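So the structure is just underneath, and the comments pick up after that.
In UniProt numbering, the protein residues as written are 1 to 656.
In structure tokens form, the structure reads like this:
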């Protein structure tokens, strides 16, 4: 019986899976064109899966081993099943290999079952709860029917009754594994995920690369939409990426907005995009909802608006504006989905097509258009903070080794202390530097994150024209947001520069022995990683090395490095100000306080502002430049064992 039923069952399921694959591809192709290298992508897919994807998965070693066993076992078993039982290839070697693959898969399936017995809140339930049973059914059923072909049991062993039972078990497993990959189900991510790796929107991410700059809109193309207003406005490989989501909830667990009770869950957002692509509602979603928003209220299709002011839509506007663009979701995603790209694309549509930027967003964008800075300050006052410093201007010199990019912190009294400290360090090291002065405009970071792509591009083009007039070796800035934009997003407009964050520059000065420094006696110090320096640009060691260079041993927080919690200051979040149950900087300060640090070192004006805005007991917040400037031995170093408060006061006074 099995000799007759198995080939029909296997090949029939394979044919249906292929039909489902064409249907799935048609859903993806509803999106806009995006040129890819088909052959190159397919050729690169195995390495991207085995190396790049598993580099992320391996952060959880137990789950990584489980994934290797179940995923690797299934792929091998599926191919061998088709050969041995589909095409009836009589080979003991292939049969034994199939037995080995099913055993490996079975072991992995048991581990999946254990994980699903009491799953963490971030894991979706619903259909995913049947996955362990389906894996076991496939692995055990294929194992048993392969025993006769491997010569371990005689042909026809067990009679018709056993054959019928095994047929049902295998049919269950095959339908979940094969049909689920293409017609929808827990295994859908396997098919979509493989092609997503092949045709990823950011192929530069693979092979150890990094790609974090937002993709520019072609504003000269009148036929192209200004951002994404409906699912079909996404590029087709973005829709493919959404379909690859495995609903593991790692993004949810790392999202600061979700933790703060704001109406954003990045996993739910991706699933809403899948609903929109295929059409329907989110009623079947079985994971954590958006905080404060019950499941079942959202729905749509590929050609209906994603956001509506009235009536049911896929996503509420406040969900998109809750994002801090910290990129923690992207960093944690084992399927390498680009959540932030999608959110900014949808923001662009709301801002440029409808002017729908909440709270102070519209005011900030108007300020940028009229005064070239988000605060609306008189552009002629950009250099007032340095009136007594006699800073060299590029307009007078024409050339310098270092161009110091001040950023819009030049208008902020708190950040002016950081800038003055940085100038003090540069002069102590005898660095040849100059500033643009009033020629400097806002970098455009805030405009771009708020969706004003036109405003950003206008600022970028004007800044690039100014920079083209002068000669310099590198740009140094204490603002990670300006650092990121100048380094990674201006090149799209033909403006490429060597850009260095001030912590990296200071670390290099210390390493080269160009600074005379006293001994640190100021107490315990922890360090907060800025998102746009760390996750966006991979710089984690230089700030710590700079602190180490002045004798500080950093006391690390539980969440640091690439898993550092956002301060809540990025992506225009303080401007759009979507309410939640808690404030993100308050949560971060709890983590800081748990280290019992006397000082929290920072390297970003936004982080400084957010952390200093926390009400209640907290450490002193000081920029790395301030801490290093305080250690310069232009004045006598404090005696060993001096009161730690003296050190903090000195750090503040030295830049006053």
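Glycine included, C-beta positions come from ideal geometry on N, C-alpha and C.
Computed from a predicted structure; not experimentally measured.
Buried or exposed (CB count within 10 angstroms, at least 16 for buried), residue i
i           : result
residue 234 : buried
residue 382 : buried
residue 246 : buried
residue 636 : For residue 636, the pLDDT reaches just 42, beneath the cut-off of 50, and the residue's location in the model is therefore unreliable, although a value from the coordinates is still provided. Looking at its Cβ environment, which holds fewer than 16 other Cβ atoms inside 10 Å, residue 636 is exposed.
residue 594 : exposed
residue 560 : buried
residue 399 : exposed
residue 6   : buried
residue 417 : buried
residue 526 : buried
residue 265 : buried
residue 90  : exposed
residue 373 : buried
residue 258 : buried
residue 46  : exposed
residue 631 : buried
residue 218 : exposed
residue 380 : exposed
residue 654 : Caution applies to residue 654, whose pLDDT of 45 falls short of 50 and renders its modelled position unreliable; the value that the coordinates give is listed next. Buried, by the Cβ-count rule.
residue 50  : exposed
residue 175 : buried
residue 238 : buried
residue 284 : exposed
residue 535 : buried
residue 10  : buried
residue 463 : buried
residue 685 : This structure gives no information on residue 685, because the portion of the chain shown stretches from 1 to 656.
residue 661 : The structure shown does not extend to residue 661, since the chain is modelled only from 1 through 656, so no value can be given for it.
residue 141 : buried
Best match in the options for proximity to residue i [C-alpha to C-alpha]
i           : options               : result
residue 109 : 183, 406, 74 and 282  : 74
residue 441 : 433, 457 and 432      : 457
residue 54  : 335, 136, 374 and 552 : 335
residue 391 : 171, 513, 356 and 431 : 431
residue 139 : 297, 107, 476 and 85  : 107
residue 547 : 511, 49 and 281       : 511
residue 539 : 24, 196 and 507       : 507
residue 551 : 313, 519, 232 and 403 : 519
residue 302 : 602, 600 and 32       : 32
residue 154 : 553, 449, 354 and 2   : 2
residue 95  : 150, 579 and 515      : 150
residue 267 : 410, 100 and 337      : 337
residue 276 : 495, 600 and 314      : 314
Cross-strand partners of residue i (DSSP beta bridge)
i           : result
residue 293 : 290
residue 620 : 599
residue 434 : 403
residue 527 : 601
residue 275 : For residue 275, which the question treats as bridged, DSSP gives no partner whatsoever.
residue 299 : 281
residue 235 : 32
residue 500 : 476
residue 226 : Partner(s): none; residue 226 has no beta bridge.
residue 448 : Answer is none; residue 448 lacks a bridge partner.
residue 632 : 517
residue 393 : 435
residue 423 : Answer by DSSP bridge pairing: none, since residue 423 is not bridged.
residue 554 : 525
residue 583 : Per DSSP, none; premise fails for residue 583.
residue 471 : 399
Inter-residue CB distance, residue i and residue j (contact presumed, cutoff 8 Å)
i           : j           : result
residue 611 : residue 587 : With 8 Å as the limit, residue 611 and residue 587 do not qualify as a contact, their Cβ atoms being about 11 Å apart.
residue 48  : residue 197 : 4 Å
residue 603 : residue 623 : 7 Å
residue 489 : residue 280 : Rounded, the Cβ-Cβ distance is 36 Å, inconsistent with contact.
residue 124 : residue 232 : About 26 Å separates the two Cβ atoms, so there is no contact after all.
residue 298 : residue 309 : With a Cβ gap of about 14 Å, residue 298 and residue 309 do not count as contacting.
residue 410 : residue 422 : Not really, about 12 Å apart at Cβ, beyond 8 Å.
Proximity test, residue i beta-carbon vs the ligand NAD heavy atom, cut-off 7 Å
i           : result
residue 186 : In terms of ligand content, the structure shown is empty, and the ligand NAD therefore cannot be addressed.
Check whether the segment 181-194 and the segment 221-232 touch, using three or more Cβ-Cβ pairs below 8 Å as the test.
no
So does the segment 557-576 actually touch the segment 307-324, counting three or more Cβ pairs closer than 8 Å?
yes
Report yes or no: do three or more beta-carbon pairs, one from the segment 464-478 and one from the segment 361-372, lie closer than 8 Å?
no
Is the segment 311-320 touching the segment 334-352, taking contact as three or more C-beta pairs under 8 Å?
yes
At a cut of 8 Å, does the segment 8-26 reach the segment 292-308 through at least three beta carbon pairs?
no
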